[in-house]
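Anchor point for the sequence shown: position 78 equals 80 in the numbering used here, and the numbering is continuous, going up by one each time.
Cβ atoms here follow ideal geometry from the backbone N, Cα and C, with glycine treated the same way.
As the structure is a computational prediction, the values presented were derived from the model and not from experiment.
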Amino acid sequence: MNYIFETRMEVRDYECDIEGIVNNANYLHYIEHSRHLYLRSLGASFANLHNEGYDAVVARMTLQYKAPLRCDDIFISRLAVEKQGVKFIFHQDLFRESDEQLAFRATVELVVMHHGTLCRTSPYDDILKQS
């Protein structure tokens with residue numbers, strides 16, 4: 003995979019379930035936050051785009067849980083993105099930093115709405131061309 007962005011994060015204790023591993027829903031928070039940080043790294047703001055009427059919304063996700071993350075683990079979130087028609091497809095992987103073990107893999111398909119209507123082109127096209 004040719005990743006174009008990465009960031010490091012830490013598992014917090016309240017994100018873990020009784021088994022001591024990250025609750026499955028929290029992985030979605032991690033990858034969403036990574037996409038927002040990626041936009042920020044390109045000089046864009048998810049909130050500002052929303053204020054202009056542009057919302058990138060999830061249309062589909064494919065998730066694979068590979069190895070558990072645990073409290074205090076540091077992990078690396080990496081992503082790649084491509085455009086297919088009206089969809090932006092994010093390939094996102096989370097790796098445990100200590101051993102580079104793949105913990106989670108997701109393919110996230112997003113579409114952009116402008117004031118609630120699907121749009122074929124948007125500011126996201128220009129922003130994501132930078133990477």
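Problem - Opening and closing residue of the alpha helix (DSSP H) in which residue 67 lies - result: Looking at the DSSP string, residue 67 is not in any alpha helix (DSSP H); the run it does join, the beta strand (DSSP E), is 56–67.
Practice task
Find out if the Cβ-Cβ distance for the pair residue 80, residue 95 is shorter than 9 Å.
Solution key: yes
Problem - Simplified DSSP state of residue 44, which is helix, strand or coil - result: For residue 44, the secondary structure class from DSSP, reduced to helix, strand or coil, is coil.
Problem - residue 120, buried or exposed, once every other Cβ within 10 Å from all chains shown has been counted against 16 - result: Per the 10 Å Cβ criterion, exposed.
Problem - beta-carbon residue 96 near the ligand MG non-hydrogen atom, thresh 8 Å - result: Of ligands this structure carries none, so the ligand MG is not represented either.
Handout entry: Start-to-end residues for the alpha helix (DSSP H) that takes in residue 129
Key = Residue 129 -> alpha helix (DSSP H) spans 125–131.
Problem - N-terminal and C-terminal residue of the beta strand (DSSP E) that residue 96 is part of - result: 89–98 is the span of the beta strand (DSSP E), which, as asked, contains residue 96.
Handout entry: residue 10 vs residue 99 beta-carbon contact at 9 Å
Key = yes
Exercise for the section: Quick one: grab the DSSP three-state call for residue 71. Expected result: coil
Exercise for the section: Under 8 Å by Cβ, that's how I've got residue 23 and residue 71 pegged, so tell me the actual separation to the nearest angstrom. Expected result: 7 Å
Exercise for the section: Would you list the one or two residues that DSSP bridges to residue 116? Expected result: 56 and 119
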